[in-house]
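Below: one structure, written as structure tokens.
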Amino acid sequence: MEDSHKRRTFLKGVGTAGTIVAAGLAGCSGESDSTPTDGEQSSDGGSGSTVGSTDSGGDGDYTIGFQIGGLQNSWFTALARASEWYADELGVELNIGDGELDPTRQVTVARNLINSDIDALVVNPFDSEAMAGPVEDAADQGIPTFSVDSVASSSDLNLYTAFGNYEAGQRAAENAVAQLEAQNGAPEGRLVEVMIQQSAKLGVARHEGTVAGLEQYDDVEIAGEIITNNTRQDTTTKVTNFLQSDSDIDGFVCHAITTGNGTLNALDRQDMKVPKGEDGHKIVSQIDAGSTTLTAIDDGFVDVAIDQPVHFYGPITLHYIKEYLDAGKDESVLPGPGDSVESDAMSFESSAAQDATGKDIWAENVWAPGEVQETEDVDDVPWFRTNSVRVTEENFDADYLWGNWITDVA
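Residue numbers (the UniProt record's numbering): 1 to 410.
Structure below.
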């Protein structure tokens, strides 16, 4: 197999007509200042909308379009890199379209991919409703479409792959209460929920799960519900303003890396950032764990995080796309509601991934088991619901956490 770096070509889309010039895949490291979903922003900021290809041959000789949320963000770069590496192993051509962290741009990128002679499409939308149109357009052209991380609001989707956002919100809430009990001697105290936008169904699910988790406890008060635009800067401002009016807070449930980072910044501004185990510590229980989160856990400023197996989302989806296309688009090869997919059902390997990270990033099947159910609020779409990972000071340095290798490959 020839060098995968030589076999990837990236194209930068200009305008809606899809005029293209050569460009490189944006790298990413550092914290996010602008991330409408998950993750951390790249330090170099990567500006254009890229459409790239992993130019691989194979039995099926398939071309798959993949609209990524935004390559300026390390969470999405982890999604993209893992997908590229596994596409190399499968022998399929992967065209990556950079949505630039912008819902409108993501729709344009998806439409451009549809018009680029692809065999299948993967979407990763920030606005579930807005992405329904491209999914339906793809279906009209006979192009199967799969969704990862967040779902498009269309019954034309063939499969949706993500962890349980409602369950993540609930677990983050329950983890915060467990920390309250350990810190205060009882499950009682005042917690603030720091949310992302509610335009994506995942944001709503995380909020509803958090509320359900906290409402189980009579002596736990939801002292505030802060809605952010899911940037560190906006979160810092809003949490700072909240603390200036009400500082008698025991902790926070944060719905993304950005909101966690912003909350820590706000605590620092108010001289309230104290490590775990010391008087005055404010609990931070968070969803998602990038490199900054893992450092904060090690330093004692974040108590616990519920992380996604993001580096498995693309490979799982590509696995099923290839099986589906190989079977002549036979729906029976796709998992359906009620199925439970165990770790031995598929395996993922990539010499390119090993070479790039120095780690076997897929050695631990942290995605398993995959429980398949109907997608909530979208009819007739099977949801491959992966497992999640609880991250504490006990495992923050594990190789299976994407935050421990993404800065090395950005």
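Virtual Cβ for every residue (Gly too), placed ideally from N, Cα, C.
Would the beta-carbon of residue i fall within 9 Å of that of residue j?
i: Ile297; j: Ala176; result: no
i: Gly370; j: Pro335; result: yes
i: Val122; j: Ser83; result: yes
i: Leu325; j: Pro144; result: yes
i: Thr210; j: Gly169; result: yes
i: Ala205; j: Glu376; result: yes
i: Gly133; j: Asn112; result: no
i: Val135; j: Ala120; result: no
i: Gly262; j: Gln233; result: yes
i: Val333; j: Glu323; result: yes
Buried or exposed: where does residue i fall if 16 or more other Cβ atoms within 10 Å of its Cβ makes it buried?
i: Asp379; result: exposed
i: Asp408; result: exposed
i: Gly328; result: exposed
i: Pro125; result: buried
i: Ser247; result: exposed
i: Glu331; result: exposed
i: Thr392; result: exposed
i: Pro382; result: buried
i: Ser347; result: exposed
i: Glu174; result: buried
i: Ala266; result: buried
i: Ser74; result: buried
i: Ala80; result: buried
i: Ala200; result: buried
i: Asn184; result: exposed
i: Thr295; result: exposed
i: Gly189; result: buried
i: Gly358; result: exposed
i: Gly142; result: exposed
i: Gly277; result: exposed
i: Val51; result: Its pLDDT being 45, under 50, Val51 is placed unreliably by the model, and nothing is read from it.
Nearest to residue i by CA position, among the options, is which residue?
i: Cys254; options: Asp303, Val341, Asp248, Phe126; result: Asp303
i: residue 432; options: Ala256, Gly224, Glu342, Pro275; result: No statement about residue 432 is possible, as the shown extent of the chain runs from 1 to 410 and does not include it.
i: Gln308; options: Arg390, Gly224, Asn261; result: Arg390
i: Thr104; options: Leu318, Ala80, Glu129; result: Glu129
i: Ser340; options: Val372, Gly314, Leu318; result: Val372
i: Phe242; options: Met272, Glu278, Arg111; result: Met272
i: Gly224; options: Asp344, Val194, Ile118; result: Val194
i: Thr237; options: Gly260, Asp219, Gln216, Glu221; result: Gly260
i: Gly65; options: Asp102, Thr77, Asn115; result: Asn115
i: Ala186; options: Tyr217, Arg171, Gly213; result: Tyr217
i: Gln179; options: Glu342, Gly251, Glu278, Asp355; result: Gly251
i: Ala172; options: Ala138, Asp140, Gly314, His207; result: His207
i: Gln197; options: Ala139, Asp127, Val135, Leu157; result: Asp127
i: Ile361; options: Pro315, Ile321, Ala345; result: Pro315
i: Asp102; options: Gly70, Asn95, Leu94; result: Gly70
i: Phe146; options: Lys359, Ala345, Asp355, Ile321; result: Ile321
i: Asp299; options: Val274, Gly280, Ile249, Phe312; result: Val274
i: Ile249; options: Gly280, Lys276, Ala139; result: Gly280
i: Glu374; options: Tyr313, Asp344, Phe312, Asn158; result: Asn158
So residue i and residue j are in contact, right, with Cβ under 8 Å, and what is the actual spacing, rounded?
i: Trp402; j: Val310; result: 6 Å
i: Thr258; j: Thr235; result: 6 Å
i: residue 416; j: Gln72; result: The first residue shown for the chain is 1 and the last is 410, placing residue 416 beyond what the model contains.
i: Leu202; j: Ser155; result: With 8 Å as the limit, Leu202 and Ser155 do not qualify as a contact, their Cβ atoms being about 18 Å apart.
i: Leu318; j: Tyr160; result: Contact doesn't hold; Cβ gap of about 14 Å is too wide.
i: Val148; j: Leu191; result: That pair is no contact at about 30 Å.
i: Val107; j: Met131; result: 6 Å
i: Gln270; j: Thr240; result: 7 Å
i: Thr77; j: Asp117; result: Thr77 to Asp117, Cβ: 26 Å. No contact.
i: Ile226; j: Leu214; result: Not confirmed; about 14 Å, so no contact.
Is it true that the stretch 361-370 meets the stretch 378-393, where meeting means three or more beta-carbon pairs spaced less than 8 Å apart? yes
Quick test of the definition: if touching needs 3 or more C-beta pairs under 8 Å, does the stretch 272-290 touch the stretch 302-322? yes
Under 8 Å: do the stretch 394-401 and the stretch 342-351 share three or more Cβ pairs, one atom per stretch? no
Would you call the stretch 82-94 in contact with the stretch 159-173, where contact means no fewer than 3 C-beta pairs closer than 8 Å? The stretch 82-94 makes no contact with the stretch 159-173, as fewer than three CB pairs between them are under 8 Å.
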